[in-house]
Amino acid sequence: MEMNPYGLESLWTQGDFVTKGVAILLLAMSIASWYVILTKAIKLFSLRRAAHAAGHLFWKAADLKEGVQTLGTDNPFSAMASSGADAIAHHHSHRSHLHDQLSVSDWITLSLRQSIDESSAALQNGMAVLASVGSTAPFVGLFGTVWGIYHALVAIGTSGQASIDKVAGPVGESLIMTALGLAVAIPATFGYNALVRGNKSTIAQLNKFGFDLHALFITGSRSTRADNPEATADTIALPAERGL
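Under the numbering used here, the sequence shown is numbered contiguously, ending at residue 256.
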């Protein structure tokens with residue numbers, strides 16, 4: 013099969029080290045961005061299930077330990093519930109330390125807030141990659157475009173004529189580089205925006221769950237019970253009351 017003189021294969025076989033370097037860089041940026049998009053999307057999908065458990069199944073549990081088990085493992089909702097339980101247990105068992113000057117409400121608030129902040133930071137992992145790819149890939153492709161135009165001008169200068177056969181190859185190389193830059197940048201930008209929305213939704217659910225947990229640890233019942241008619245009888249004992 014005859015090779016297309018203006019295709020990607022021709023670009024690679026006939027391009028110089030600059031052209032190949034730009035192509036490899038764009039390929040690496042594309043792989044990195046798609047890796048982040050796919051892994052973060054899978055993570056957000058699993059967090060949606062954990063958020064549903066935090067809003068429903070957790071409050072139907074017989075006690076706190078069972079409630080934490082309904083949240084699963086390796087997710088910020090279970091980590092926050094465990095952190096709050098550990099905080100209140102620590103506060104009750106270490107009265108002689110400096111933190112006993114804080115009320116149990118303030119101590120639990122600090123613990124829950126720290127857990128939310130850590131989860132928020134974890135959700136941001138990889139987002140800088142998408143932001144960088146989305147903002148720089150068009151310019152990397154533009155550099156390849158300029159380099160291709162330079163080759164076209166050199167071909168015109170050496171041949172002394174601007175015939176189509178002399179400039180078609182370099183101009184085609186320029187257009188391919190422009191297309192590759194956009195092909196890398198557009199998915200990264202859309203992926204970044206979608207993941208930012210997903211992260212904001214998850215953080216909002218974490219804050220709501222943290223507020224409910226705070227009320228649970230202090231009062232022994234969920235603060236938003238009025239918003240959930242099914243939870244009228246769902247009261248989970250405090251860790252201190254159950255010896256946790």
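No residue lacks a Cβ here, since even glycine has one placed at the ideal position from N, Cα and C.
Discussion item. Judging by CA-CA distance, which residue of I100, I198 and I161 is the nearest neighbour of L76?
Written reply: I100 is the residue among I100, I198 and I161 whose C-alpha sits nearest the C-alpha of L76.
Practice prompt. Assign S115 to one of three DSSP states: helix, strand, or coil.
Written response: Three-state result, S115: coil.
Item to complete: Can you have a look at G232 and say buried or exposed, based on whether 16 or more other CB atoms are within 10 angstroms of its CB?
Response: Its Cβ having fewer than 16 others within 10 Å, G232 is exposed.
Worksheet item: First and last residue of the alpha helix (DSSP H) that includes T51?
Response: Its alpha helix (DSSP H) spans residues F29 to H64.
Item to complete: Determine the contact status of A44 and V145, defining contact as a CB-CB distance below 8 Å.
Response: A44 is a Cβ neighbour of V145, given a cutoff of 8 Å.
Worksheet item: Beta-carbon separation of S117 and M92 under 8 Å?
Response: No.
Worksheet item: If you run the structure through DSSP and keep just helix, strand and coil, what is A243?
Response: Because the pLDDT of A243 is 42, which lies under 50, any placement of that residue in the model is unreliable, and the number read from its coordinates should be weighed accordingly. Note: A243 maps to helix in three-state DSSP.
Discussion item. Could you tell me the alpha carbon to alpha carbon distance between G84 and H163, rounded to whole angstroms?
Written reply: So the two alpha carbons sit approximately 59 Å from each other.
Worksheet item: What whole-angstrom Cβ distance do L194 and G160 have, given they're in contact under 8 Å?
Response: At roughly 15 Å, the Cβ-Cβ gap does not stay under 8 Å, so L194 and G160 are not in contact.
Item to complete: Would you grab the beta carbon distance between T51 and F70 for me? Rounded to a whole angstrom, and I think it's under 8 Å.
Response: Actually they do not touch by this definition, with Cβ atoms about 26 Å apart.
Fill in: Local conformation of L187 per DSSP, three classes
Of the three classes helix, strand and coil, the one that applies to L187 here is helix, per DSSP.
Discussion item. Which of the three DSSP states is assigned to L207 in this structure?
Written reply: Reduced to three states, the DSSP call for L207 is helix.
Item to complete: Round the Cβ separation of A35 and L192 to the nearest angstrom and send it over; I've been treating them as touching at under 8 Å.
Response: The Cβ separation is near 7 Å, so the contact holds.
Worksheet item: Measuring CB to CB, does L122 end up less than 8 Å from L225?
Response: Contact: no.
Discussion item. For N205, count the other beta carbons within 10 Å of its own beta carbon; 16 or more makes it buried, fewer makes it exposed. Which is it?
Written reply: Exposed.
Worksheet item: Taking buried to mean at least 16 other C-beta atoms within 10 Å of its own C-beta, is N137 buried or exposed?
Response: Under this definition N137 is an exposed residue.
Worksheet item: Helix, strand or coil for G193 per DSSP?
Response: Reduced to three states, the DSSP call for G193 is helix.
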